[in-house]
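> No gaps in the numbering here: position 364 of the sequence shown is 363 in numbering that gives the first Met the number 0, and each next residue is one more.
Using N, Cα and C, we set each Cβ at its ideal position, and we do this for glycine too.
Keep in mind it's a predicted model, so treat the numbers as computed, not measured.
The following block contains the structure, expressed as structure tokens.
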Amino acid sequence: MKVTVIGSGYVGLVTGACFSEMGNDVWCIDIDEKKIENLKKGILPIYEPGLEDIVKRNYADGRLKFSTKIKDGLENSLFVFIAVGTPPDEDGSADLQHVQNVARDIGKNMEKYVVVVNKSTVPVGTGDKVFAVIREELEKRGRTELEYDVVSNPEFLKEGAAIEDFMRPDRIIIGTNNVRTAELMKELYAPFVRNGHPTYVMDIHSAELTKYAANAMLATRISFMNELARLCEVTGADIEQIREGIGSDSRIGMPFLSAGLGYGGSCFPKDVKALIQTSKEFGLEAKILMSVEDINKNQRSRYVDKVLKHYNNDVKDKVFAVWGLAFKPQTDDMREAPSIDIINKLREKGAKFRAHDPVAMDVAKGIFGNKGIDYIDNYYDTLKGADALFLITEWNQFRRPDYEKMKSLLKTPVVFDGRNQYDIKKMTELGFIYYCIGRS
Ligand SMILES: NC(=O)c1ccc[n+]([C@@H]2O[C@H](COP(=O)([O-])OP(=O)(O)OC[C@H]3O[C@@H](n4cnc5c(N)ncnc54)[C@H](O)[C@@H]3O)[C@@H](O)[C@H]2O)c1
0 MKVTVIGSGY
10 VGLVTGACFS
20 EMGNDVWCID
30 IDEKKIENLK
40 KGILPIYEPG
50 LEDIVKRNYA
60 DGRLKFSTKI
70 KDGLENSLFV
80 FIAVGTPPDE
90 DGSADLQHVQ
100 NVARDIGKNM
110 EKYVVVVNKS
120 TVPVGTGDKV
130 FAVIREELEK
140 RGRTELEYDV
150 VSNPEFLKEG
160 AAIEDFMRPD
170 RIIIGTNNVR
180 TAELMKELYA
190 PFVRNGHPTY
200 VMDIHSAELT
210 KYAANAMLAT
220 RISFMNELAR
230 LCEVTGADIE
240 QIREGIGSDS
250 RIGMPFLSAG
260 LGYGGSCFPK
270 DVKALIQTSK
280 EFGLEAKILM
290 SVEDINKNQR
300 SRYVDKVLKH
310 YNNDVKDKVF
320 AVWGLAFKPQ
330 TDDMREAPSI
340 DIINKLREKG
350 AKFRAHDPVA
360 MDVAKGIFGN
370 KGIDYIDNYY
380 DTLKGADALF
390 LITEWNQFRR
400 PDYEKMKSLL
410 KTPVVFDGRN
420 QYDIKKMTEL
430 GFIYYCIGRS
């Protein structure tokens with residue numbers, strides 16, 4: 000089938016690449032000329048395991064094409080996916096300017112029937128707006144005879160496992176009231192649900208809200224565990240044991256029950272905010288979500304407070320090794336990463352950093368610059384002469400390190416583990432001063 004994906008970021012590029020991998024003809028469009036030029040040369044804008052190979056192979060085979068011109072895609076495609084960013088506006092609501100720009104471009108350039116598929120995460124009612132904007136442009140052109148449909152098809156991929164998630168999704172959500180369009184969408188996705196996972200066709204508003212509901216639920220689980228972790232710290236209980244104790248309950252399950260530095264990334268923070276704001280717009284108060292957000296913010300300050308308390312509020316010229324900068328392992332995405340708040344707050348107080356991340360160091364340089372922070376290629380080298388280690392992102396290689404080596408390299412054996420990766424007993428026996436989350 001013929002597909003155009005507008006926006007070639009984390010979601011758009013993965014979507015385009017995976018559709019082409021299944022034999023479809025795909026145009027990936029982006030307004031960022033450099034990004035498109037690089038993609039044509041096989042240089043990817045993001046790190047995502049397995050993506051580079053799929054992009055290069057399908058580009059070489061001619062099934063995947065790149066352009067900055069929406070017309071190139073529209074001329075050939077039945078499906079036009081919108082996969083542009085929906086960052087938070089000042090009040091926390093989703094900023095829809097990119098989505099609306101794309102809708103406008105579609106209206107200006109379409110010459111035949113298209114199914115416009117909204118894959119960006121957008122507030123309930125956006126599908127109607129997209130429909131209206133396209134209509135407006137067609138009216139301006141005097142081309143109201145051109146037909147189109149607008150479908151909501153939220154994306155649930157996880158960065159770091161995006162290819163696997165897209166190729167074998169838990170479910171496909173199709174929001175449309177048009178039976179014929181639903182059938183077309185099902186046909187497009189059929190190769191991806193051969194594993195028997197369901198495709199749900201629902202009304203467009205429910206589909207739009209389903210995406211927010213999913214992210215808000217996952218964020219809620221994380222904040223719930225972080226709230227409990229605080230209680231553990233004052234009562235002497237252990238959040239890790241509680242996690243096992245409740246996660247083994249089939250009604251609860253294990254995922255997203257880890258206490259730590261809270262959620263970050265490009266989705267949970269903005270989607271929780273946007274859902275709070277949507278509720279407000281409809282005269283409702285999203286009380287649970289307001290607390291979820293509040294707990295999440297505080298989790299980072301609590302970590303900083305632990306560090307400050309250890310050093311009697313004086314971290315001037317202290318040197319901290321940092322393991323992990325990305326908001327989670329397996330990605331170079333640093334949007335809303337806990338490392339940003341933690342490093343910046345302590346840098347303001349004169350602390351210095353020796354940081355390592357397996358893939359996010361280039362992105363990190365753009366965020367932190369060089370003042371008070373050195374970027375070190377080997378993670379053990381960050382420890383040389385450092386006053387303490389901060390474990391911020393739980394990349395696999397940091398999970399079972401050589402403790403003796405860590406101890407010998409650190410100036411003082413102090414570890415602030417933001418992800419509960421190490422065994423308390425072992426760390427204490429080895430002589431580390433070990434801080435973690437919700438475990439005494
Ligand atoms: N990143 C994720 O894990 C994830 C998962 C599920 C859903 N989403 C949602 O998907 C959407 C996209 O997220 P992302 O992380 O891929 O964003 P991104 O910032 O990585 O990519 C967006 C891309 O759109 C391009 N763009 C902006 N305006 C454009 C226009 N008018 N025409 C063509 N291209 C344009 C930008 O240049 C950029 O390359 C968001 O709504 C997000 O909430 C993201």
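Quick check on DSSP: helix, strand or coil for residue 269?
helix
> Beta-carbon distances below 6 angstroms to any heavy atom of ligand 1 define the shell here; list its residues in chain order, please.
The set, ordered by position in the chain, is 5, 6, 7, 8, 9, 10, 11, 28, 29, 30, 31, 34, 82, 83, 84, 85, 97, 100, 101, 119, 120, 154, 156, 158, 265 and 266.
> DSSP puts residue 174 in a beta bridge; with which residues?
151 and 201
> Among the residues of its own chain, which have a CB less than 6 angstroms from the CB of residue 64, if the five just before and after it don't count?
26
> Is it right to say residue 117 is buried, meaning 16 or more other beta carbons lie within 10 angstroms of its own, or is it exposed?
buried
> Return the first residue and the last residue of the beta strand (DSSP E) that residue 413 is part of.
413-416
> Hey, is the segment 268-286 in contact with the segment 79-93, meaning 3+ C-beta pairs nearer than 8 angstroms?
yes
> Use the C-beta contact count for residue 233: other C-beta atoms within 10 angstroms, 16 or more gives buried, fewer gives exposed.
exposed
> When DSSP builds the beta bridges, which residues end up paired with residue 113?
147
> For residue 390, which residues does DSSP report across the bridge?
322 and 416
> Nearest to residue 19 by alpha carbon, out of 259, 30, 1 and 6?
1
> At what residues does the alpha helix (DSSP H) containing residue 366 begin and finish?
360-367
> Using a 10 Å radius around the Cβ and a threshold of 16 neighbouring Cβ atoms, would you call residue 199 buried or exposed?
exposed
> Around the Cβ of residue 125, are there at least 16 other Cβ atoms within 10 angstroms (buried) or fewer (exposed)?
buried
> Let me check understanding here. Comparing Cα to Cα, which of 153, 48 and 133 lies closest to residue 144?
133
> In this structure, does DSSP put residue 35 in helix, strand or coil?
helix
> For residue 142, name the three-state secondary structure that DSSP assigns.
coil
> To which residues does DSSP link residue 46 through a beta bridge?
Beta-bridge pairing links residue 46 to no other residue.
> Taking three-plus beta-carbon pairs below 8 angstroms as touching, is the segment 135-144 in contact with the segment 177-186?
no
> What is the DSSP secondary structure of residue 97, counted as helix, strand or coil?
Three-state result, residue 97: helix.
> Can you give the beta carbon distance from residue 392 to residue 356, rounded, assuming they're within the 8 angstroms contact cut?
Their Cβ separation, rounded to whole angstroms, is 7 angstroms, which keeps residue 392 and residue 356 in contact under 8 angstroms.
> CB-CB under 6 angstroms to residue 130, same chain, minus the five flanking residues each way: which ones, in chain order?
149
> Bridge partners of residue 3, per DSSP?
26 and 79
> Looking only at its chain, what residues have a beta carbon closer than 6 angstroms to the beta carbon of residue 269, apart from the 5 residues adjacent to it on each side?
87
> So who's on the other strand from residue 372, going by DSSP bridges?
352
> Between which residues of its own chain and residue 165 is the CB-CB distance below 6 angstroms, once the five residues before and five after are set aside?
Excluding residues up to 5 positions away in sequence, 13, 17 and 156 lie with their Cβ nearer than 6 angstroms to the Cβ of residue 165 in the same chain.
> What residues in its chain sit with their C-beta under 7 angstroms from that of residue 31, if we drop five residues either side in the sequence?
none
> Going by alpha carbons, who is nearest to residue 408 out of 385, 428 and 398?
385
> Roughly how many angstroms separate the alpha carbons of residue 358 and residue 330, rounded to a whole number?
7 angstroms
> Please work out which residues of its chain come closer than 6 angstroms, Cβ to Cβ, to residue 263, disregarding the five sequence neighbours upstream and downstream, and give them in chain order.
326, 335, 336 and 337
> Does any residue of chain C have a CB that is nearer than 8 angstroms to the CB of residue 43?
Any reference to chain C falls outside this structure, which holds one protein chain only.
> Could you pull the DSSP bridge partners for residue 64 from this structure?
Residue pairing of residue 64 in beta bridges, as defined by DSSP: 26.
> If residue 412 and residue 404 are in contact, beta carbons under 8 angstroms, what's the gap, nearest whole angstrom?
Not a contact, Cβ separation roughly 12 angstroms.
> Given this structure, state the Cα-to-Cα distance separating residue 161 from residue 322, to the nearest angstrom.
23 angstroms
> Taking all protein chains shown into account, decide if residue 339 is buried (16 or more other Cβ within 10 angstroms of its Cβ) or exposed.
Residue 339 is buried by the Cβ-count criterion.
> Can you name the start and end residues of the beta strand (DSSP E) that residue 434 belongs to?
Element bounds for residue 434: 432-434.
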